[in-house]
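Notes for the one structure printed next.
Numbering (the numbering used here), first residue to last: 194 to 563.
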């Protein structure tokens, strides 16, 4: 079955299966270098599947055992994907971006300041540390934010000037269409909103690029107005898990910000950024039931918040490295009904100005909105 013969349903199912089970590569890595550690997506590689660029796990324990194998590319750059020996699709791997060849005047590679996600999304972690990271009693058990820093793949703090320089080059050289700014949580007050403000303002002064900011709900709702005024076009505040018991077990520090605060913050943020311009990440497979994820998603959609449900990927070196990824059957209980809910509400990923949900590469969810 080639790209041309995939039905829409078949594409969605194939992407969902690849993201749950991962992909093995024949020979050395090809395309954009797979990411190890960091704030996410980690241990993934960008793959063009049936006209969509998606992020597929390649360096996880489950990926090493995946039934999916990608052949070496032929002369036209096309690889075959086989499942248990049978060809199920043809794919391509996006090339390494041109801006990766550059460095700042003081010798810092641009790739250590921001990276290309999918095919046209620039992503950066403003602060590569978190007040909760490294402490078992407070850290999110799935997080690898310190790994890429320890490996010398990034720098601790990206300055506004550096971000503006790299963003301008990424737009000019690689036609980047939008940017994601996330951050480790630096404090328990603004929770990163101040960093987002100064960084977004600097980038917007250099280049016209839609930006999504990502942080925990700040302590004061006035920060939403400040972020909007600074040039942030859409906002992500990530729940990760939705059931209180799962939140307390998986992310004991972050669970100190209760669901009630998130829900109030979503209302305040939508009032500033607009319906469909606020989103949240939900990691399926951490222990939440499909029913709980769909129930909370229904509440979020009613608020005008996009619930971006992504299969959990166990990252090597984290406490959850041996936690199983969700099965395709588990994801099939969530993605089709959630996609139908989003379509009925006309709350679509493509209408977001910037961010993870607009990129849509880390989940098959967007394929179920049609």
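All C-beta atoms in this analysis are idealised placements derived from N, C-alpha and C, irrespective of residue type, glycine included.
| said: Looking at the secondary structure, which residues open and close the beta strand (DSSP E) in which residue 263 lies? | reply: It spans 261–263 - the beta strand (DSSP E) in which residue 263 sits, taken as one unbroken run.
| For the region 201–218 against the region 240–251, are there 3 or more C-beta pairs whose distance is under 8 angstroms? | Yes, the region 201–218 is in contact with the region 240–251.
| task | Ignore the nearest five residues each way along the sequence and tell me which others in residue 507's own chain have a CB closer than 8 angstroms to its CB. | result | The answer, listed in chain order, is 253, 254, 255, 335, 513, 514, 515, 516, 517, 518.
| query | Does DSSP put residue 433 in a helix, in a strand, or in coil? | reply | Looking at residue 433 - three-state DSSP - the assignment turns out to be strand.
| task | Leaving aside the five residues before and after residue 468 along the sequence, list all residues of the same chain whose C-beta is less than 8 angstroms from its C-beta, in chain order. | result | Short of 8 angstroms from the beta carbon of residue 468, and not among the five residues preceding or following it, lie these beta carbons of its own chain, in chain order: 497, 540.
| task | List the endpoints of the continuous alpha helix (DSSP H) containing residue 309. | result | Here residue 309 belongs to no alpha helix (DSSP H); instead the beta strand (DSSP E) covers 308–310.
| message | Judging by CA-CA distance, which residue of 257, 270, 329 is the nearest neighbour of residue 287? | response | Nearest option by C-alpha distance: 270.
| task | Could you please give the first and the last residue of the uninterrupted alpha helix (DSSP H) stretch that includes residue 529? | result | For residue 529, the enclosing alpha helix (DSSP H) starts and ends at 528–538.
| residue 407 beta carbon less than 9 angstroms from that of residue 431 | In this structure, the beta-carbon distance from residue 431 to residue 407 falls below 9 angstroms.
| field | Enclosing beta strand (DSSP E) for residue 248 [first to last residue] | value | Taken as a continuous stretch (DSSP letters only), the beta strand (DSSP E) holding residue 248 covers 245–250.
| message | For the alpha helix (DSSP H) containing residue 466, name the first residue and the last one. | response | Counting along the chain, the alpha helix (DSSP H) containing residue 466 begins and ends at 452–466.
| query | When DSSP labels each residue in this structure, what does residue 420 get in the three-state scheme? | reply | Collapsing the DSSP output to three states places residue 420 in a helix.
| Do residue 239 and residue 312 have their CB atoms nearer than 9 angstroms? | Contact flag set, yes.
| said: What would DSSP say about residue 207, mapped onto helix, strand or coil? | reply: Residue state, collapsed to three classes: helix.
| query | If you drop the 5 nearest sequence neighbours on each side, which residues of the same chain put their C-beta closer than 6 angstroms to that of residue 480? | reply | Answer for residue 480: 439, listed in chain order.
| field | Span separating the alpha-carbon of residue 351 from that of residue 377 | value | When rounded, the distance between both Cα atoms is 12 angstroms.
| Three-state secondary structure (DSSP) of residue 296 | Collapsing the DSSP output to three states places residue 296 in a strand.
| field | Where the alpha helix (DSSP H) containing residue 523 begins and where it ends | value | Here the alpha helix (DSSP H) through residue 523 covers 521–525.
| query | Does the pairing of the region 419–437 with the region 471–479 give three or more beta-carbon distances under 8 angstroms? | reply | The region 419–437, when compared against the region 471–479, does touch it at the 8 angstroms Cβ threshold.
| Nearest to residue 345 by CA position, among 258, 499, 502, 304, is which residue? | The residue with the shortest Cα to Cα distance from residue 345 is 304.
| said: Output needed for residue 494: all residues of its chain with C-beta closer than 8 angstroms, excluding positions within five of it in sequence on either side, in chain order. | reply: Excluding sequence neighbours, residue 494 sits near 500, 534, 535, 538, 540.
| query | Should residue 389 be labelled buried (16 or more other beta-carbon atoms within 10 Å of its own) or exposed? | reply | Residue 389 counts as buried, since at least 16 other C-beta atoms from the protein chains shown sit within 10 angstroms of its C-beta.
| query | Can you give the Cα-Cα distance for residue 320 and residue 353, rounded to whole angstroms? | reply | The C-alpha of residue 353 is placed about 11 angstroms away from the C-alpha of residue 320.
| query | In three-state DSSP terms, what is residue 334? | reply | In the three-state reduction of the DSSP assignment, residue 334 falls in the coil class, being assigned neither a helical nor a strand state.
| Apart from the five residues on each side of it in sequence, which residues of its chain come closer than 8 angstroms, Cβ to Cβ, to residue 393? | Cβ neighbours of residue 393 within its own chain (closer than 8 angstroms, five residues either side excluded): 374, 404, 406, 420, 423, 424, 425.
| Residue environment, residue 215, which counts as buried when at least 16 other CB atoms sit within 10 Å | It counts as buried.
| field | Reference residue 511; option with closest CA among 357, 326, 459, 317 | value | When C-alpha distances from residue 511 are compared across 357, 326, 459, 317, the shortest belongs to 326.
| request: Could you check the C-alpha separation between residue 347 and residue 451 for me, to the nearest Å? | output: Going by the C-alpha atoms only, they are around 31 angstroms apart.
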